[in-house]
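Q:
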Ligand code: SAH
Ligand code: SF4
Ligand code: F3S
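Numbering (our numbering), first residue to last: 161 to 646.
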């Protein structure tokens, strides 16, 4: 499924805001008769949004189906992060066209970042599309669907400054019943020069902490044992009573300003058996307070996704990342100081950004040697129309060079992932069982606090959603292999 050259990820599924299309389909039943089929591409935010979409439409009597042929309503929740992500969706729309020929009444909608970026163009370019809805327009979907039912095309790509869908309880799709995402904020104000997200997702806004804690409690009571708090830049989470509902927050005893460290603590207190992860941290914004809260609570997983993008300060400046190589390395030291060497760190890297020289690329490799990331998502630079980089700089690194640099980064990361996994061999790790191993029903699969995938035989009458101690006996670059011990 994965192309080795572009969009490589060595990260086990779950955290890390990035990369590959995730197909999200699952069945729910309202007892009524129209059926929604939804596929998600891109980051976990989209995955999480699809659960909000399913919830909004369930109230209107739409069941979800995992069978495209059964669907009355087909939604693709799309990603624009790289050109390839958009091509994947266009290709999928062509495939869907053949279904639509057999079933012309089937309504096809494009949601998410591509919808936002291309707006009405999608209706013209992809003639099978009936409905286009951007990430902040999902409450409007019942109305948009009704509009299409009446024979019109429907579009809403309005970006909001307030929408967080905080009051909507997501319908969990494709769930293992153990791990779930909770969206804590939307949008991004960072303006990294290569990135389309600020344009497709709009301004940053934080969700009411009370609704986040309530969602975590609800998930715990339903048997979930891990939540991942999601945002493009979770460290800039900020909820202030002035801007929001003062009286209600006072009644609930929530402080004047809730920052990410405060929120993390509030969620960690829901239950010691509820594991907390979060993604993505921006190196310039993650604070010592966050690291100290992580150290204080055993149930906050010792894993930080801290994308560096490049190891060279000039390139970082052109990328408008807000830190230098030295500053980033200092942040990594701080993490190691406060959380110890066992805290895993992962990254995103872009090769062949505008004007990147060979020496500057080598600085990415040397930074990797210094940090020794546990995992990384690695990409070649893909120019996105309308972004500051597209406007200001020429995309001047030839594809072969971008690709060769990417291969070097991948080779190095493979070695480091293996090294990190090898450091766990011989140790006992607390693992949350997520389900059967992909290869065998006689083995469980789960993850360690550091987000490493562990596989082990089903001994000792344990179940999905339980914690077990696993002695790690061997490993590959992607998996720890062990056995349950007392
Ligand atoms: N908010 C997160 C990441 C969002 S996008 C953060 O700030 O880290 C996920 C990753 O996609 C980015 O970290 C970056 O490595 C990659 N990416 C974003 N735009 C890209 C582009 N134009 N070309 C190649 N990779 C890109
Ligand atoms: Fe894009 Fe930068 Fe925002 Fe991440 S922090 S979403 S890379 S603009
Ligand atoms: Fe996510 Fe892709 Fe949009 S990475 S925010 S779905 S552009």
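From the three backbone atoms N, C-alpha and C, an ideal C-beta is built for every residue, glycine too.
Going by DSSP, what residue range makes up the alpha helix (DSSP H) through residue 631?
A: Here residue 631 belongs to no alpha helix (DSSP H); instead the beta strand (DSSP E) covers 627–635.
Q: Can you determine whether any heavy atom of ligand 1 sits closer than 7 Å to the C-beta of residue 393, and answer yes or no?
A: Yes.
Q: Comparing alpha-carbon positions, which option in 227, 451, 273 and 593 lies nearest residue 241?
A: Looking at the Cα atoms, 273 is the closest of the given residues.
Q: Report the residue ranges of all alpha helix (DSSP H) runs contained in full by the stretch 194–268; include only those spanning at least 4 residues, in chain order.
A: List check, alpha helix (DSSP H) in window: 204–218 and 243–262.
Q: Pair every Cβ in the stretch 562–581 with every Cβ in the stretch 534–547, then say whether three or more of these pairs are closer than 8 Å.
A: Enough Cβ pairs lie closer than 8 Å, so yes.
Q: Near residue 426, which residues of its chain fall below 7 Å by C-beta distance, leaving aside the five closest residues on each side in sequence?
A: 369 and 373, listed in sequence order.
Q: Using only alpha-carbon positions, find the residue among 582, 544, 587 and 538 that is nearest to residue 718.
A: Residue 718 lies beyond the range of the chain shown here (161 to 646); nothing can be said about it.
Q: What residue from 255, 278 and 208 has the CA that sits closest to residue 545's CA?
A: Closest by alpha carbon: 278.
Q: Tell me the residue span of the beta strand (DSSP E) that contains residue 386.
A: Its beta strand (DSSP E) spans residues 386–390.
Q: What does the Cβ neighbour count give for residue 292, buried or exposed, with the cut at 16 atoms within 10 Å?
A: Buried.
Q: Name the residue from 631, 592, 622 and 604 whose alpha carbon lies nearest to the alpha carbon of residue 583.
A: Nearest option by C-alpha distance: 631.
Q: Considering only the beta carbon of each residue, do residue 231 and residue 282 sit closer than 8 Å?
A: The answer is no: Cβ separation not under 8 Å.
Q: Should residue 251 be labelled buried (16 or more other beta-carbon atoms within 10 Å of its own) or exposed?
A: It is exposed - the Cβ of residue 251 has fewer than 16 other Cβ atoms within 10 Å.
Q: For residue 551, count neighbouring Cβ atoms within 10 angstroms of its own Cβ and tell me buried if that reaches 16, exposed if not.
A: The residue in question, residue 551, is exposed, as its Cβ has fewer than 16 Cβ neighbours within 10 Å.
Q: Give the secondary structure of residue 448 by DSSP, where H, G and I count as helix, E and B as strand, and everything else as coil.
A: If DSSP states are grouped into helix, strand and coil, residue 448 belongs with the helices.
Q: Consult DSSP for residue 508 and reduce its assignment to one of helix, strand or coil.
A: Three-state DSSP puts residue 508 in a strand.
Q: Is it the case that the stretch 469–476 contacts the stretch 507–518, given that we only count it when at least three CB pairs across the two stretches are under 8 Å?
A: Because the criterion of three Cβ pairs below 8 Å is met, the stretch 507–518 and the stretch 469–476 touch.
Q: Count the CB pairs spanning the stretch 379–395 and the stretch 490–506 that are closer than 8 Å, and state whether there are at least three.
A: No contact exists between the stretch 379–395 and the stretch 490–506.
Q: Output the distance between the C-alpha atoms of residue 326 and residue 212, rounded to the nearest integer angstrom.
A: If I take the Cα positions, the gap works out to 10 Å.
Q: Measure the CB-CB distance between residue 516 and residue 570 and report whether it falls below 8 Å.
A: Result no, Cβ atoms of residue 516 and residue 570 do not sit closer than 8 Å.
Q: Helix, strand or coil, according to DSSP, for residue 372 in the structure here?
A: Reduced to three states, the DSSP call for residue 372 is helix.
Q: Taking the alpha carbon of residue 629 as the point to measure from, which residue in 639, 637, 609 and 636 has its own alpha carbon closest?
A: Out of 639, 637, 609 and 636, 609 has the C-alpha closest to the C-alpha of residue 629.
Q: Determine the closest residue to residue 362 out of 419, 296, 342 and 218, with distance taken between C-alpha atoms.
A: Nearest option by C-alpha distance: 296.
Q: Under the rule that 16 or more other beta-carbon atoms within 10 Å means buried, what is residue 633, buried or exposed?
A: Counting Cβ neighbours within 10 Å, residue 633 comes out exposed, since fewer than 16 surround it.
Q: If you follow the beta strand (DSSP E) that residue 594 is in, where does it begin and where does it stop?
A: Taken as a continuous stretch (DSSP letters only), the beta strand (DSSP E) holding residue 594 covers 588–596.
Q: Ordered along the chain, which non-local residues of its own chain (more than five positions away) have a Cβ less than 7 Å from that of residue 495?
A: Only 451, 464, 503 and 505 meet the Cβ criterion.
Q: Pick helix, strand or coil for residue 551, following the three-state DSSP scheme.
A: Three-state DSSP puts residue 551 in a helix.
Q: Three or more beta-carbon pairs under 8 Å between the stretch 586–598 and the stretch 443–450, yes or no?
A: Counting Cβ pairs under 8 Å, fewer than three are found: no touch.
Q: For ligand 3, is there a heavy atom less than 7 Å away from the beta-carbon of residue 249?
A: Flag unset: Cβ of residue 249 not near ligand 3.
Q: Just the Cα atoms here: how many angstroms apart are residue 646 and residue 618?
A: Whole-angstrom Cα-Cα distance: 13 Å.
Q: If you measure from each CB to the nearest heavy atom of ligand 3 and keep those under 6 Å, what residues do you get, in chain order?
A: My final list is 202, 203, 205, 206, 239, 240, 241, 272, 273, 356, 357, 360 and 361.
Q: Please classify residue 277: does DSSP put it in a helix, a strand, or coil?
A: Looking at residue 277 - three-state DSSP - the assignment turns out to be helix.
Q: Are the beta-carbon atoms of residue 390 and residue 320 separated by less than 8 Å?
A: Their beta carbons are not under 8 Å apart, which means residue 390 does not touch residue 320 by this criterion.
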